[in-house]
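Asker: In terms of full-length UniProt numbering, the sequence shown opens at residue 1 and continues consecutively.
My structure is below; once you've seen it, I'll send some questions.
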Amino acid sequence: MKSFVAPAALAAFVSAPANAEQISLGDLSTYLNSMSTVQAGFTQISDDGSVQTGTLYIRRPGRMRFEYNPPEKALVLVSNNSVAIFDGRSNQPPEVYPLKRTPLSIILADQVNLGQANMVVGHDFDGTATIVTAQDPENPEIGNIQLKFTANPVELRQWVINDSAGSQTTVILGDTKADVPLRNRIFDIDRERRGAN
Numbered sequence: 001m002k003s004f005v006a007p008a009a010l011a012a013f014v015s016a017p018a019n020a021e022q023i024s025l026g027d028l029s030t031y032l033n034s035m036s037t038v039q040a041g042f043t044q045i046s047d048d049g050s051v052q053t054g055t056l057y058i059r060r061p062g063r064m065r066f067e068y069n070p071p072e073k074a075l076v077l078v079s080n081n082s083v084a085i086f087d088g089r090s091n092q093p094p095e096v097y098p099l100k101r102t103p104l105s106i107i108l109a110d111q112v113n114l115g116q117a118n119m120v121v122g123h124d125f126d127g128t129a130t131i132v133t134a135q136d137p138e139n140p141e142i143g144n145i146q147l148k149f150t151a152n153p154v155e156l157r158q159w160v161i162n163d164s165a166g167s168q169t170t171v172i173l174g175d176t177k178a179d180v181p182l183r184n185r186i187f188d189i190d191r192e193r194r195g196a197n
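Below you can see the structure in the form of structure tokens.
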């Protein structure tokens, strides 16, 4: 499997309402901060054109789980300010690095503030969706994350991560469920290392 930088896009292509308009950064911050738990199927398209599918779980703040379908046998966990990549086809321990090394940390923060100085470097409207390009003001060298939202109600449809190496990854979401019960243990990196069920 290609080395995981961060899932880069969550997208569900739906028709936008006729009165769609650009959503303010304040409203988008409020929406992201209101997100508690999310479960969704996803299709990930990597920079090299390879495609993987699986199930995504989010528990804000700070936690994500990407379960990849066979034949990938891969799992990515985000918790305790770390990202861990488990490759089921390898006997090697997981690759672990700080969450702050990926722009994904922006939307998993305790409090999202897109109005923070030097965070948003693009705020556009393409006629159907609001597109925000954001970076960590303290670590702009790690890349940026491009978030796409539709309105009425506000929903995150896509994100694209552009990493420091110039790579992009896209993940398309289907069947998104919000406010689902998710146990903390499914995000536990140490537990997964031990092979707990």
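Glycine is no exception: its CB is placed at the ideal position from the N, C-alpha and C atoms.
Note that the coordinates shown come from a computational prediction; the quantities given were computed from them, not determined experimentally.
From the DSSP output, in three-state form, read off Ile107 for me.
Answerer: DSSP places Ile107 in coil when its eight states are reduced to three.
Asker: Smallest Cα separation from Leu173: which of Lys148, Ala165, Asn184, Ile186?
Answerer: Nearest of Lys148, Ala165, Asn184, Ile186 to Leu173, Cα basis: Lys148.
Asker: Is the Cβ-Cβ distance between Leu25 and Gly115 less than 8 Å?
Answerer: Contact: yes.
Asker: Quick check on the DSSP output: the beta strand (DSSP E) that includes Leu77 runs from which residue to which?
Answerer: Note, Leu77: beta strand (DSSP E), 74-79.
Asker: What residue ranges within the region 128-186 form continuous beta strand (DSSP E) runs of no fewer than 3 residues, ordered along the chain?
Answerer: Correct list: 130-134, 143-150, 155-163, 168-178.
Asker: Compare the Cα-Cα distances from Ala117 to each of Ser105, Phe125, Asp136 and report the closest residue.
Answerer: Nearest option by C-alpha distance: Asp136.
Asker: How long is the line joining the alpha carbons of Ala74 and Glu141, rounded to whole angstroms?
Answerer: If you take the alpha carbons of Ala74 and Glu141, they lie about 28 Å apart.
Asker: Going straight from the alpha carbon of Thr37 to that of Ala178, what length do you get?
Answerer: If I take the Cα positions, the gap works out to 6 Å.
Asker: Is DSSP giving Asp126 helix, strand or coil here?
Answerer: It is coil, neither helix nor strand.
Asker: If you draw a straight line from the alpha carbon of Gln52 to that of Gln168, how long is it in whole angstroms?
Answerer: In a straight line, the C-alpha of Gln52 is about 14 Å away from that of Gln168.
Asker: Over the uninterrupted beta strand (DSSP E) stretch that includes Ile58, give me the two end residues.
Answerer: 51-59 is the extent of the beta strand (DSSP E) around Ile58.
Asker: Near Gln111, which residues of its chain fall below 7 Å by C-beta distance, leaving aside the five closest residues on each side in sequence?
Answerer: Around Gln111: Asn33.
Asker: Measure the CB-CB distance between Leu77 and Ile189 and report whether it falls below 8 Å.
Answerer: Contact flag set, yes.
Asker: Buried or exposed for Gly54, going by 16 or more other Cβ atoms inside 10 Å?
Answerer: That one is buried.
Asker: Exposed or buried, Phe125, counting other C-beta atoms within 10 Å across all chains shown (16 or more means buried)?
Answerer: With fewer than 16 Cβ atoms within 10 Å of its Cβ, Phe125 is classed as exposed.
Asker: Could you tell me which of Thr128, Val132, Asn113 sits nearest to Gly122, measuring between CA atoms?
Answerer: Among Thr128, Val132, Asn113, the Cα nearest to that of Gly122 belongs to Val132.
Asker: Quick one: grab the DSSP three-state call for Thr30.
Answerer: Helix.
Asker: Sort Gly41, Leu182, Gly127, Gly49 by Cα distance to Gln22 and report the nearest one.
Answerer: It is Gly127.
Asker: Taking 8 Å as the threshold (C-beta atoms), are Arg89 and Leu182 in contact?
Answerer: No; because the gap between Cβ atoms is not below 8 Å, this pair is not in contact.
Asker: Could you tell me the alpha carbon to alpha carbon distance between Glu95 and Arg191, rounded to whole angstroms?
Answerer: The alpha-carbon atoms of Glu95 and Arg191 are separated by roughly 15 Å.
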